[in-house]
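The opening residue of the sequence shown carries number 15 in this note's numbering; numbering runs sequentially from there.
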Amino acid sequence: LKPTVKAMAKEGAPYKGVLYAGLMLAADGPKVLEFNARFGDPETQVILPRLKSDLVDIILDIIDNRLHETPVEWNDDACMGVVMASGGYPGDYKTGFAIQGLDKVDPEIMIFHAGTKQGENSQICTDGGRVLTVTACGKNMAEAREKVYQNITHIYFKDCHYRKDIAAREVK
15 LKPTVKAMAK EGAPYKGVLY AGLMLAADGP KVLEFNARFG DPETQVILPR LKSDLVDIIL
75 DIIDNRLHET PVEWNDDACM GVVMASGGYP GDYKTGFAIQ GLDKVDPEIM IFHAGTKQGE
135 NSQICTDGGR VLTVTACGKN MAEAREKVYQ NITHIYFKDC HYRKDIAARE VK
């Protein structure tokens, strides 16, 4: 990211703020697919739970060129998340399916809604490709992973898909 920010400044457009790079690992190394001036989703959902410092203070310090004066503090927890997606995503998929089991998830588990909406009788329903991200923190990655996969089994919607290998290499 540093070369990009330096190039923007050199061209008279200095950048302040969040810069998210969408990357792909190719045979000859990483390739930049896109830049976004926002936090990445779902990446942020596993980063911000570890932040001890106040995010608003950090952003204000960036705006005022004072970030170097402020210590940014993190907790030592490991954190991971698994996206629950509609069948067919990222291609064609159907929506409107009732999501069940959210009330059975342990209270410390974070569920981030993305492609959801409130349907009839206040029922939460699918309304997109990436529907939910189930996120947990633990003293290490094995604990965080176990919490996510234990709780994700409580949640159901028709044609639900999610990866079962997230952080598997990390905990071997």
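Backbone N, C-alpha and C define an ideal beta-carbon position, used for all residues, glycine too.
Residue environment for L47: exposed (fewer than 16 other C-beta atoms within 10 angstroms of its C-beta). Secondary structure of L81 (DSSP, three-state): helix. Residue state for A23 is assigned as helix, using DSSP reduced to three classes. Taking 3 residues as the minimum length, the beta strand (DSSP E) runs contained wholly in the region 124 to 161 are 124 to 127, 130 to 132, 138 to 140 and 144 to 152, in order along the chain. With contacts defined by Cβ atoms closer than 8 Å, T147 and F171 do not form a contacting pair. At least 8 Å separates the beta-carbon of I166 from that of V86. Rounded to whole angstroms, the separation of the alpha carbons of K178 and Y163 is 8 Å.
Contact check for Y107 against G115 fails: the beta carbons are separated by 8 Å or more.
In this structure, the beta-carbon distance from D91 to K186 does not fall below 8 Å. In the DSSP assignment, no residue is bridged to P28. Here DSSP, grouped into helix, strand and coil, assigns V97 to strand.
The Cβ-Cβ distance between F49 and V32 does not fall below 8 Å. From the listed residues D71, A158 and P44, the smallest Cα separation to L81 is found for D71. When the five nearest sequence neighbours on each side are left out, the beta carbons in the same chain lying within less than 6 Å of the beta carbon of M38 are those of K45 and L47, in order along the chain.
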